[in-house]
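Engineer:
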Amino acid sequence: MATSLILKTAAPILASIALEHFQLRWMFASLYQSSSIVPGISRIYGLVIAVNVISTAVVLLILGTKVGQSRNKFIEKANKDGDKDAEDRFSYPKMYAEGFSKHAKQFNCIQRSHQHALETYTQFVALSLVSGLLYPLVTTIAGALWVYARLQWALGYQSGEPKKRYEHWSAYGIWTSLLIVLFGSITSAVLIIIK
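Following our numbering, the numbering of the sequence shown begins with 119 at its first residue and continues without gaps.
Rendered as structure tokens:
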């Protein structure tokens, strides 16, 4: 499945990168001018920082807060259902709730929606910072896609049914956005080396 996704998305991604490289930077030349604050970095790179770093960090805060709120919510629900171990099951330092109850499953899905985001976040931000050096517009669009897709993916997962994480049409965007910044970083690295 991963290979198929890469093949289906590689051509449009590379076309987007080529469009920015050969056309957009000339059409919107003022945005690509060097910043007076950070010489050598284009003014439009500020969008990469705003979207791919700051707004994605806000998404992680939202997902993490949901986990914290859910701990208390599911302790209460489990207690009402007569679970004498509810406090131990859902409290810190345990990352996931033990057991197979419906409450444990739903809590674990909420926790997993946050944990999954953390698993690829560092790569996404690092690749965004590199890709954005030469392709800030494409990189920013990838960041906006990541934010929307990550929230939709998490909402599906938080339903308590893991299969629903890809139910929304945009959920695969978490992978597409990662591939965009990966290809943008590879292209940037190659161009920096050869020029």
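Ideal Cβ placement from N, Cα and C applies to all residues, glycine included.
Assuming Tyr214 contacts Gln224 under a Cβ cut-off of 8 Å, what Cβ separation, rounded to an integer in Å, is found between them?
Structural biologist: Not a contact, Cβ separation roughly 12 Å.
Engineer: So, helix, strand or coil for Ser188, using DSSP?
Structural biologist: helix
Engineer: Do you know how far the Cα of Asn197 is from the Cα of Ser219?
Structural biologist: 12 Å
Engineer: Expressed to the nearest angstrom, what Euclidean distance is found between the alpha-carbon atoms of Ala129 and Ser295?
Structural biologist: 14 Å
Engineer: Grab the span of the alpha helix (DSSP H) containing Phe301 for me, first residue to last.
Structural biologist: For Phe301, the enclosing alpha helix (DSSP H) begins and ends at 291 to 312.
Engineer: Please confirm if the segment 163 to 176 is in contact with the segment 199 to 218, defined as three or more CB-CB distances below 8 Å between the two stretches.
Structural biologist: no
Engineer: Who pairs with Ser160 in a beta bridge, going by DSSP?
Structural biologist: Ser152
Engineer: Among Gly261, Gly278, Leu255, Lys282, which residue has its Cα nearest to the Cα of Gln270?
Structural biologist: Among Gly261, Gly278, Leu255, Lys282, the Cα nearest to that of Gln270 is on Lys282.
Engineer: Are Leu245 and Ser152 close, meaning C-beta to C-beta below 8 Å?
Structural biologist: no
Engineer: Is DSSP giving Gln276 helix, strand or coil here?
Structural biologist: coil
Engineer: State the Cα-Cα distance for the pair Lys195 and Leu273, rounded to the nearest angstrom.
Structural biologist: 20 Å
Engineer: Return yes when the Cβ of Gln276 is within less than 8 Å of the Cβ of Ser231, no when it is not.
Structural biologist: yes
Engineer: Pick out whichever of Glu279, Glu285, Leu297 has its Cα sitting closest to the Cα of Trp83.
Structural biologist: Because residue 83 is not part of the residues shown, which for the chain are 119 to 313, the question remains open.
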